[in-house]
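Residue numbers (the numbering used here): 2 to 164.
All C-beta atoms in this analysis are idealised placements derived from N, C-alpha and C, irrespective of residue type, glycine included.
In this text, all values refer to a predicted model and were calculated from it rather than measured experimentally.
Working notes for the structure below.
This is the structure in structure tokens:
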């Protein structure tokens, strides 16, 4: 027996920039149970207000819609310190840096999608890359035993290196 949710049959799936005034309320409903909701909403407000964060880096926000309802949100920032990533991680095992311009690298700050639509994750990411003209997206994955304090200090250190 195979169980399939009816949402998997939906054909109308659209990814667009989060520029509509109603997007903030829709994303707020989407992330109301997520622990980092305040951070997501703050970054979305930053995008809608100025398209740049306090460090002057480009911020982009995208929403996924199905049947006129927001089902996902993604917020990316231009990657400021590519040389740091290049020197501390084995990124060159996966990409050739000379084929990617500096402005084609971005950092995924937030990504939320209703679990029923998780099978559309790769299409959501693919559309984000196409619409933002990014060829490399970076997203840190922390182990399950990692506390919020460690993650927060890591983000603080990264932000201080950018300045």
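> If residue 137 sits next to residue 111, beta carbons under 8 Å apart, how far is it from one beta carbon to the other, in whole angstroms?
Replying inline: Wrong, their Cβ atoms sit about 18 Å apart, outside the cutoff.
> Would you call the segment 63-74 and the segment 117-126 in contact, with 3 or more CB pairs under 8 Å?
Replying inline: yes
> How close, in whole Å, do the beta carbons of residue 87 and residue 108 come, if the pair is a contact with beta carbons under 8 Å?
Replying inline: Not really, about 14 Å apart at Cβ, beyond 8 Å.
> Between which two residues does the beta strand (DSSP E) containing residue 66 stretch?
Replying inline: 60-67
>> By the DSSP assignment, the beta strand (DSSP E) with residue 15 in it spans what residues?
In response: 14-18
> Roughly how far, in whole angstroms, is the beta-carbon of residue 72 from the beta-carbon of residue 45, given that I think they are within contact range, below 8 Å?
Replying inline: Going by Cβ atoms, the distance from residue 72 to residue 45 rounds to 15 Å, so no, they are not a contact pair.
>> Which complete beta strand (DSSP E) runs does the segment 67-109 hold, if anything under 3 residues is left out?
In response: Counting whole runs of 3 or more residues, the segment 67-109 contains the beta strand (DSSP E) stretches 70-79.
>> Can you give me the C-alpha to C-alpha distance between residue 56 and residue 48, rounded to a whole angstrom?
In response: 13 Å
>> I'd like to check one pair, residue 61 with residue 139: are the Cβ atoms closer than 8 Å?
In response: no
> What does a CB cutoff of less than 6 Å around residue 128 pick up in its chain, not counting 5 residues either side in sequence?
Replying inline: 16
> Are the Cβ atoms of residue 105 and residue 135 separated by less than 8 Å?
Replying inline: yes
>> Can you check which of these residues, 53, 97, 35, is closest to residue 116 by C-alpha distance?
In response: 35
> In this structure, what does DSSP give as the bridge partners for residue 211?
Replying inline: This structure cannot settle anything about residue 211, because the visible part of the chain is limited to 2 through 164.
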